[in-house]
Amino acid sequence: MSQFLQATIYGLLQGGLLALIAVGFSLVWGVMNVVNLAHGSFVILGAYVGWKLNSAMGLDPFLGMLVAAVVLFAVGYLLQRWLINLVINGPIFITLLLTFGLDLLIVQGMNITFSADYRSIKTAYAGDSLALGSVRVPVGRLLAFVIALLVTFALVALVNRTRTGLSIMATGMDRGAARLMGIRARHAYALTFGIAAALAGMAGTMVGTVGTFNPAAAGGFTLLSFVIAVLGGLGNMYGALVGGLLIGLVEAWGGQYLPGTWVNALAFAVLVLVLVFRPSGLVGRAYYSARQEV
Amino acid sequence: MRSKSKSLSLVAVVAATTLVAAGCGSKGEKTADSGGASGTLAIGASMSLTGALAREGALTKEGYELCQDKVNAKGGADIGGKKVKLDIQFQDDTSKPDTAAQLVDQFNDKGVKLILSSYGSANTEAQASVIERNGQVMADSAGADNKIFEKGYKRTFAVLSPATEYAASIIKAIKELAQPQPKTIAILSADDGFSKTVAEGGAAAAKEAGYNVLPTQLFPNGTSDVSSALTKVKGQKPDVIIGSVHLVEGVAIIKQAKELGVMPSGGFGESVAPPTPDFAKTLGKDAENVLGSSQWTDSTKGSDKYFGTAKDYANDINAKYGHAPDYHDAEASAACLALVMAAEKAGSTDADKVRDALASLDTDSFFGHIKFNDKGQNVYKPMSVIQVQNGKAVTVWPTDSAEAKMIWPGTKQ
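Protein chains in written order, with this note's numbering: chain A, 1 to 294; chain B, 1001 to 1413.
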């Protein structure tokens, strides 16, 4: 029983972090119809920002992640505004190619700048754990989990309740109409991409604090984001949260009760099952379902 | 407007494809010259310079480069009375076995018959079958999985100790040095072929030593989350946890064992991870007293005419690359050295003659003894067991080359 509880807690904590990684990916896909294959490299770039601030200036990673968010927002905004926007009207294949190329560039850039050595952001407390009976709750992961939830809710509030958020949503639904209403679609798109990159960067710093990373880890995060986004329902931010928690739990339970390393295939098995029975994802239809392509 | 946006997307496609090509492509196309006619000996090396193994690939390349420098600094290898300079041609295999195997074919098309292996068992295994088919010869620097050598290949020679020794040597060190003796041993392993062979070798050695061995727990290769495996063994209270891992999983075991409160009474031992400087750097004081096994340390005994002793080798790596030598450097240099010495012994660069010379090579070196059994494995060199003490990996076993006494139990704070 305590084994089960331990696995469940660990899975939930891991799932929260996965959700924060995937929510931006899902947002960009939902609003702009861009599958951003460079998303994982944003996560790792964020981890390096947090790591650099920590190793050079001793800044705590939970503060460093705010800097990572700002840096990655700028990177995301500029990339979208001056590069991806050039091909935003092209078929999805073109944006796939472009973001794939960006991913290669960023990953290799990090290889050259930071080397391929494994890094980890060291803190005095992140490896400690609280004992609840026989179950341990790791402090670093708990903090990361709480922050991931708060940020996801803040994002939902931003999109649903502020003018900026509504303009993003409107652009996602019908770009032509949004333009006629005076919304600058380019700006809205760049903002969306910037926000997604910022969240990935924050998550990256936390990944670096509770685990280890190097540039080659980027591909794995892109793949997980893809699975979680599709699982939850594209462009639906609560969907990413539910999808992330589910994948975290399934992997933890699978690791505990399945023999060998079946867990490798588990996330994709869940994805297939959900797509068979609920093709629009776990959390209903996305808000952009009224999308008009112009 | 329409035509403008079309031309823009065309530009982007071109840009994107160029990016892809730049990322995937390989460099260093050169026509080769395998003979000694022009005074150089072409050697092909497919390297994992990008992708998942980029870190180890870079170290392997350093080892090959240093070997080339050292041999050429003496005017070249002495082959059949002529001084022949080495010309190692590097190509990037992006850490993929298929590509590594294709590159071996490409070298063959260019007439390059002598090959230095890529990094890791998966790449080397893919290369070995191509080598066999093409009649090339390969000196293997980092493919330790015993599987490679169970296929009857005659043209692949590994300078390093076989995979079964990695965890087994830690068990042997514990059996010989640990007081009090542990009773129960748990082995956690990554699920790639190499790690599983390491785990099997460790389990066999532990049973032979009379320990109670728990069933091996597997986790995905390359994961940074090993919590499931740790949770499973926690209830059985093992005295020693042995990880058959690479760096990333090795770091995860120590980190997450602390998070989950898994504290064996004896200590932790891990293959591959603890000897690398990154291990102690990443984990800080949590790395203290973790045991590890290494193909080579700078206290390894032996010397040769190109590199001198292990200490000389360490100084050369430090001078050229500005870091302490990693055993990945050393095993790469040793593979290159074996190939050079075999060519010198054969007095020829002909692939068949070099193969025969490798098969009968029996020499001392900075890397320890180099001699191959009939499968092509170097079973004549012991592995070293190291322990992280004050942030540094020091040799504790075998005792005749030990730099410090083993601290036991390793988990006592």
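Even glycine gets a Cβ: it sits at the ideal position worked out from N, Cα and C.
Owing to the predicted nature of the structure, the values given are computational and were not obtained by experimental measurement.
- Going by DSSP, G255/A is part of the alpha helix (DSSP H) stretching over 237-257.
- Sequence-distant Cβ neighbours of D1078/B in its own chain, meaning closer than 6 Å and more than five residues away, are E1344.
- Residue burial is scored here from C-beta neighbours: Y1306/B has at least 16 other C-beta atoms within 10 angstroms and is therefore classed as buried.
- Where P1097/B is concerned, the enclosing alpha helix (DSSP H) starts and stops at 1097-1109.
- Taking the beta carbon of A1393/B as reference, no residue of chain A falls within 9 Å; the closest one sits roughly 16 Å away.
- In the structure shown, the three-state DSSP call for E1259/B is helix.
- For the 8 Å CB-CB criterion, A1205/B and A1168/B form a contact.
- Residue contact with chain A for T1050/B: present (Cβ-Cβ distance below 8 Å to some residue of chain A).
- Taking 8 Å as the upper bound for CB-CB distance, G1284/B and K122/A are in contact here, some 6 Å apart.
- Straight across, the Cα-Cα distance linking V137/A with E1065/B is about 48 Å.
- Interface residue (Cβ-Cβ distance to chain A less than 8 Å): R1055/B is classified as such.
- Look at the stretch 1139-1166 of chain B: it has no residue with a C-beta under 7 Å from a C-beta of chain A.
- The straight-line gap separating the alpha-carbon atoms of S1303/B and A216/A is approximately 37 Å.
- Per DSSP, reduced to three states, the secondary structure at V70/A is helical.
- Nearest to G1269/B by alpha-carbon distance, out of A1314/B, I1386/B, G1368/B, is I1386/B.
- As DSSP reads the structure, A1190/B sits in a beta bridge with F1219/B.
- Assignment of N36/A by DSSP, reduced to helix, strand and coil, places it in the coil class.
- Contact between L1116/B and A1404/B does not hold, since their C-beta atoms are separated by about 34 Å, which reaches or exceeds 8 Å.
- Short of 6 Å from the beta carbon of G11/A, and not among the five residues preceding or following it, lie these beta carbons of its own chain, in chain order: G248, L249, A252.
- Of the candidates T1399/B, G1410/B, H1369/B, K1381/B, the residue whose Cα lies closest to the Cα of V1388/B is G1410/B.
- Spanning the alpha carbons of N214/A and L104/A requires a straight line of approximately 14 Å.
- Contact with chain B is found for G127/A, since one of that chain's Cβ atoms lies less than 8 Å from the residue's Cβ.
- In the three-state DSSP reduction, L59/A falls in the coil class, being neither helix nor strand.
- Across the set N1108/B, A1142/B, V1159/B, S1118/B, the C-alpha of N1108/B shows the shortest separation from the C-alpha of Q1136/B.
- Around the beta carbon of Q1091/B, 16 or more other beta carbons sit within 10 angstroms, so the residue counts as buried.
- One Cα belongs to V1340/B, the other to G1347/B, and the distance between them is close to 10 Å.
- The way I'd put it, the stretch 1276-1295 of chain B does touch the stretch 1148-1168 of chain B; three or more beta-carbon pairs between them come closer than 8 Å.
- In its chain, beyond the 5 residues on either side, L1066, K1070, F1307 have a beta carbon closer than 8 Å to the beta carbon of D1316/B.
- Look at the stretch 1109-1179 of chain B and you find these whole runs of beta strand (DSSP E), each 3 residues long or longer: 1114-1116, 1137-1140, 1156-1158.
- The beta carbons of G1261/B and S225/A sit about 31 Å from each other, so the pair does not count as a contact at 8 Å.
- Rounded to whole angstroms, G24/A and G1039/B show a C-alpha spacing of 59 Å.
- For the stretch 248-259 of chain A, residues whose beta-carbon sits nearer than 7 Å to a beta-carbon of chain B comprise A252, G255, Q256.
- Looking only at G46/A, A190/A, L149/A, V276/A, the smallest Cα-Cα distance to V242/A is reached by L149/A.
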